[in-house]
Each structure stands twice: as structure tokens, then as C-alpha cells.
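Input: a single structure, listed below in C-alpha cells.
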Amino acid sequence: MKAIMVMFDSLNRKYLPQYGADFNTLPNFQRLQDRSITFDTCYGGSMPCMPARREMHTGRYNFLHRSWSPLEPFDDSIPEMLKNNGVYTHLVTDHGHYWEDGGATYHNRFSTYEFFRGQEGDPWKGQVKDPEIPDTVNWRAGAAWRQDWINREYMQTKEQHSQYQTVEAGVEFIETNKAEDNWFVQIECFDPHEPFFSYDEHKERRPHTYDGDHFDWPDYRRVVEDEQTVNHVREEYNALLTFCDDSLGRVLDTMDANNMWEDTMLIVCTDHGLMIGERGWFGKNIQPWYDETIHTPLFIYDPRNVAAGERRESLVQTVDFGPTLLGYFGVDLTDDMRGKDLAPVIANDEPVRESGLFGMFGGHTCVTDGKVVYMRACATPQNQPLFNHTLMPMHMNTLMSVEELSKSELIDPLPFTKGAPVLKLPAGSWGSPVAFGTLLYDLETDPDELEPLRDPELELRMIRLMVDAMVANEAPESQFERMGLPLTSDAVTEEHLLIEKQWAQVQSGLQQALPAEEFPKDRLGVHTPISELFENPAVKGMLTQALPIPAGMMSRLGSMTLWQMSVMNPAMGEQALKGLDMGIQQAVAAGAAAGQPA
């Protein structure tokens with residue numbers, strides 16, 4: 015038996031013809047649909063990138079206990095389990111997070127692996143001289159932005175691009191080992207994740223009118239651009255999708271040429287989607303995990319149950335991918351795994367789960383039964399208590415600081431840490447889910463999640479479903495407290511309802527950004543870069559109290575203005591922004607009276 019996984023990052027199902035996108039022509043995704051089973055109710059779990067990969071490895075949710083992190087010493091890694099049971103496992107990828115601090119323990123679980131460099135500001139090519147950067151629509155600055163323009167100089171042709179090279183290496187592995195048995199290859203492309211960098215042959219397939227500045231890398235924020243600009247960046251995404259479609263075709267061609275459909279499983283999947291102007295948003299992570307980002311495409315071909323061109327309605331999740339591979343190769347799941355082998359769904363659409371949790375550490379905790387989605391905000395604006403539980407004290411691309419570690423405590427083992435005690439560290443989040451309120455959607459009447467409901471009876475049912483799922487997945491008590499939930503579903507009462515209490519936030523979270531014209535630009539204020547504001551001692555003192563910015567974030571946020579921050583983070587609403595602007599004027603006046611320079 016053999017298995018191939020082709021994984022694309024940030025693949026929005028609503029841009030695929032197989033899920034209704036009649037504005038796109040992607041012939042190789044059509045070939046894939048004709049050969050495989052298309053899943054209509056697949057949801058992500060732990061968001062975003064590396065948390066999703068951790069649950070692919072472990073068959074467990076990540077976001078209830080931990081933020082972005084490496085694999086832990088107590089984790090069961092499915093590629094490693096396959097390797098230890100006689101299945102050769104190989105990873106080829108250009109996903110740069112694997113070689114950062116927060117992803118550094120994943121690739122070594124495979125038998126072998128190959129990396130390809132250059133995506134999204136990957137610190138790849140060394141160049142002291144600043145690159146030439148055109149005028150752009152986005153607000154990006156800093157090292158990753160600079161580095162990305164350096165990297166592009168080394169990817170002048172399609173064949174030099176890391177996506178092309180990743181797929182080429184995957185095809186090479188397949189061709190080299192086509193006569194062998196018992197292997198799994200994961201061909202993992204960072205595209206179509208932003209930036210949406212492609213070539214003329216791809217852009218020519220998506221002709222459109224645009225006369226603005228360069229724009230292929232949207233910020234994570236609300237949209238303040240005009241319709242033509244939004245359409246342009248969508249077409250840049252669509253052009254990159256044609257590149258991905260070509261790459262998928264090369265894998266399908268290889269399977270066709272070698273008659274591999276008789277004994278080879280194929281999984282084509284993603285970690286999450288991306289918002290490209292939908293609901294007035296770009297990106298992910300800040301806003302709730304709406305349908306565009308969490309309801310994902312999935313295609314599986316299983317040589318044991320050939321069902322070419324069929325669809326499945328049963329609820330499945332990312333956390334089920336690894337257990338499905340274990341079942342396919344005849345390896346038992348561990349007791350700590352909560353994901354399900356999808357063989358019954360593949361065979362005859364037999365459900366394997368009643369519900370699925372999803373969310374991001376410190377964000378909304380969400381549950382779906384495939385027909386209703388409930389996204390619960392934290393009970394208070396403080397979004398506490400919140401703790402990381404880990405033996406690998408790292409963030410995405412840094413080690414945890416000594417200050418963070420000084421506040422940690424070693425606690426008794428958790429149910430899934432195999433007897434090992436863990437560090438419990440206080441944690442925070444960027445913004446608060448309360449800014450969007452608690453959301454409830456009926457997917458049967460509102461599949462696009464456009465009309466949030468106020469239905470106490472339905473909310474009670476979904477709260478009980480959520481609590482049962484959190485208990486089954488051994489969520490720490492602090493998460494129940496943060497979400498204002500009891501520890502058992504039979505203790506849920508009307509006092510645990512949140513939608514009505516947070517309805518004002520639900521409505522404000524749907525609003526667009528405050529227009530820039532609301533504030534003057536000819537003085538220190540909310541249109542002044544934060545780094546410049548901090549040069550005024552009186553203003554710095556005021557902002558440090560009103561808007562604490564961690565020192566490590568100043569390099570990323572210093573070039574931004576407070577108005578731009580409010581566009582990114584709805585928790586900084588109209589009143590807060592106007593209050594900050596007034597506070598700046600008062601601080602400047604007080605400083606001038608004290609003889610401080612303006």
C-alpha cells in the first residue's frame with residue numbers, strides 16, 4: 015500500500031469550481047474530482063498553520079491547551095508511528111514555518127525530508143543592500159517584507175519557484191519508489207498562501223483591469239480599498255491557483271503514467287482558507303473563523319473503496335487525516351488520539367463524529383455538528399484565564415522569554431502527556447473575541463453565515479455540544495472559566511447564554527472601519543506612525559498606559575498608525591480611537607506646558 019498527500023496552504027474552497035466557483039477554470043482539480051470523493055462538510059480544527067499540522071500529526075486538537083508550537087515530547091506523531099511500523103515516510107515542502115522555532119520538531123518525524131526556500135519573507139538569500147520595492151497597497155514593513163523582495167529576485171522563472179521545486183521533488187520520490195511498497199509522501203506546498211506571487215503564464219489566464227499600485231500580499235485587516243483593488247488581489251490569488259492546479263496535474267499525470275490508482279491512496283487537502291475581501295476582511299486570525307477560512311476543501315481517493323466522482327456529506331475534520339492514514343496502513347490509533355479513521359465515511363458516508371471543535375488559542379471556541387455553527391466568545395473582555403501548557407517553550411519564530419518562563423509553574427501531568435508534568439505559563443492574545451461577540455449560524459438556511467441568530471434554545475443545545483466535546487478532548491479547567499462554561503453539559507443553564515449579552519458586539523463586529531477622513535493628518539494624532547508618537551515623551555507615557563505594546567511588537571507595529579491598528583483590530587472601536595486622538599492632543603499640550611519638545 016502507498017499513500018500520497020498533496021497539501022496546499024490557505025486553499026479557499028469558494029474559489030474552487032468543485033465547490034461552486036464557476037468563475038474559475040481549474041482542469042486538474044476537475045480531474046481530481048472525477049477520480050476521487052469530494053467532501054462537502056470538512057472543517058479545520060486548530061488554527062492556523064502549525065497548530066493545524068500538530069493535529070495532523072497527533073490526531074488531537076492543539077488550540078485548547080497551546081498556542082503555535084513545536085511537537086511536544088509526549089505527542090504521538092503519525093508520520094513517526096508509520097515509520098516505526100515499516101512504512102517509509104517522506105516530506106517535501108516549501109512551508110517555511112517548519113524551520114522556525116515554533117515548527118522545528120515536525121520534519122524529523124519523517125524518514126526523510128526535503129526543504130525548498132523562498133516563501134513569504136523566508137530568511138533565505140543574504141543581501142545587505144536594500145532591494146527595490148515598488149509602491150504597494152498594503153501596509154507591510156520590516157524584515158520579512160524586505161526579505162521577500164530579495165527572495166523574488168532568485169525566482170525569476172517558474173522552475174526556480176519553490177512551489178515548482180517542491181512538486182518536482184515529490185514527483186521524483188514517486189517515480190523513484192513506484193515499484194516499492196509501504197510508503198507515504200507528503201507533498202506540501204505553501205501556495206496559495208499569500209503573497210500571491212505567480213508568473214505571466216498564470217496571470218494571463220486571469221485577465222482584468224487594474225491601474226493601481228502593486229498588490230499581491232494583503233494585510234490581515236478590514237478592507238479600506240475600492241472594489242477594483244479588491245478584485246485585483248482576488249485575481250492575483252486566482253492566478254496563483256492556476257499555478258497550484260498545474261502542480262496538482264503533474265502529480266495526477268505521474269499516477270496515471272504508472273497505474274498507481276490500483277494501490278495508492280491520494281489525499282488533497284489544506285489547513286485553512288483565507289478571506290480576500292469577503293465580509294469586508296482580508297486574511298485570517300483576527301476575525302472569527304468564518305466559513306471562508308474554516309470550512310475547507312477535501313478530496314480523497316481510496317483504492318480499497320473506489321467511488322469516483324462521488325460526494326460525502328458527513329462531518330469530518332483535519333484532525334481525522336492522520337488516523338485515516340494509520341487505518342489505511344493497518345496501524346492502531348493510540349489511546350490519546352481523538353481523530354477518527356474516515357474509512358466508513360469513504361465507504362458509504364457513515365458518520366464518524368457527532369461534532370467538531372475549531373478555533374485558535376485565545377480566540378473564539380467554536381463547535382459545529384455540520385448543520386449549525388456556534389462561535390463562542392470569551393465571557394469577559396479580559397479574555398482570561400489563558401495558559402500555555404508545554405514542555406517546548408517556543409513561539410512561532412522566537413523562544414519564550416525568560417520573563418515568561420519566570421511566571422511558569424510545573425504542574426501535574428495532563429491526561430495525554432503520558433505521565434510527564436508540564437509547564438503552565440500565563441498567556442495573552444491579540445485583541446479579544448468579545449469585540450465580535452458570540453455568533454450562531456444555521457447552515458441549512460444560511461450556508462454563507464451572513465445572518466447571525468438570536469435563538470436561546472438552539473444556543474443551549476450548541477453549548478451542551480461544545481462542553482461535551484471540550485470534556486472529551488480534555489480541555490483544561492481554565493478554558494471553561496475563560497469561556498464562562500460549566501465543567502459538564504448537564505450543568506448548562508440559561509445563565510450560560512452569551513449571544514444576547516454580547517449582541518451589541520455582534521453588531522459592531524459587522525461594521526466597516528472608521529474612515530480615515532474622520533481625523534486630521536496635519537498634526538500628531540492617529541495618523542502618525544506609532545514610532546514617531548513614541549518620540550514624544552508625554553505621548554509615549556500616555557500611550558504606554560492606554561495601549562500597552564510589547565517591546566517585541568514595536569518592530570512590527572512601529573511603522574503603523576493607530577488608525578491602521580483600529581482597522582486591524584475591531585476591539586479598538588470608534589470611541590477608543592477618538593479617545594486616543596484626544597489623549598494625544600492633551601499629552602502634547604501638557605508636554606509643551608512642561609517645556610518638552612513637541
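Residue numbering for the sequence shown follows my numbering, starting at 15 and increasing by one per position. Note that the Cβ used here is the ideal one computed from N, Cα and C, for glycine as well.
Own chain, CB closer than 6 Å to residue i, minus 5 neighbours either side, in chain order
i	result
M389	P302, H378, C380 and L453
P12	With the chain covering only 15 through 612, there is no way to say anything about residue 12.
R45	L266
Q578	W153
G445	N583 and A585
V106	E128, T180, A183, G184 and I201
Through-space distance from residue j to residue i, alpha-carbon basis
i	j	result
H222	R352	46 Å
T72	P534	52 Å
V520	L467	10 Å
Y455	D462	9 Å
S443	Q396	10 Å
I477	H104	41 Å
A552	V416	30 Å
V320	T119	35 Å
R80	L499	19 Å
R235	H109	23 Å
E531	H541	10 Å
A604	P84	48 Å
D115	P529	39 Å
V359	D346	18 Å
K217	D205	15 Å
E509	Q47	47 Å
R131	R166	11 Å
T507	E473	11 Å
M406	N273	44 Å
Y315	A253	26 Å
K432	A17	30 Å
N362	I51	11 Å
I308	V387	11 Å
W231	G451	28 Å
Contact set for residue i: own chain, Cβ-Cβ below 7 Å, skip 5 residues either direction
i	result
P317	W275, E276, D277, T278 and M279
D350	R74, D90 and F430
D54	R325, R326 and E327
For residue i, three-class secondary structure by DSSP
i	result
P232	coil
S328	coil
R68	helix
H403	strand
M480	helix
Q44	helix
P490	coil
T256	helix
Short Cβ contact (8 Å threshold) for residue i with residue j
i	j	result
G58	T382	no
R49	A322	yes
V237	G156	no
L400	A357	no
P137	W163	no
H207	T150	no
P62	M269	no
L424	L439	no
F343	M19	no
L561	N550	no
V366	K354	yes
N26	E306	yes
F124	K97	yes
K298	L288	yes
M95	L340	yes
Nearest-angstrom beta carbon gap, residue j and residue i [assumed within contact, 8 Å]
i	j	result
L255	V282	Between V282 and L255 the Cβ distance is about 13 Å, and since that is not below 8 Å, they are no contact.
F43	L30	6 Å
L371	N487	7 Å
A606	G523	Contact flag wrong, Cβ pair sits at about 38 Å.
M64	G117	5 Å
Y251	I290	6 Å
S60	F88	The Cβ separation is near 17 Å, so there is no contact.
Q177	G135	Q177 to G135, Cβ: 16 Å. No contact.
E186	T404	The Cβ separation is near 37 Å, so there is no contact.
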